[in-house]
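All remarks here apply to the structure that follows.
In my numbering, the protein residues as written are 847 to 912.
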């Protein structure tokens with residue numbers, strides 16, 4: 847019987863992080879699409895959501911490159 851070491855714990859943490867980021871990214875994609883559809887022309891309040899979405903996507907790319 848082999849005890850789970852720090853590597854196993856790190857892998858679970860990494861997978862949890864990836865899943866969490868994917869979920870947040872999916873939420874942001876839906877929110878952004880809704881915001882863009884609803885806003886009058888010239889209203890740019892959706893930019894905050896787009897920035898957060900881009901940050902989540904960059905974080906996912908970095909995690910997947912490891």
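Think of the CB as a built atom: it goes at the ideal place given N, C-alpha and C, for glycine as much as any other residue.
Bear in mind that the values here come from a model prediction, so they are computed numbers and not experimental data.
Task: Residue of 899, 865, 853 and 854 minimising C-alpha distance to residue 910 - done: 865
Open item on the list: If the criterion is Cβ atoms closer than 9 angstroms, does the pair residue 874 and residue 902 meet it?
Closed with: yes
Task: Spatial distance of residue 880 from residue 907 (CA atoms) - done: 25 angstroms
Task: Identity of the residue in 888, 872, 884 and 885 nearest residue 898 by Cα - done: 872
TODO: Counting only the same chain and skipping the five closest in sequence on each side, list residues whose C-beta sits under 8 angstroms from that of residue 868.
DONE: 906
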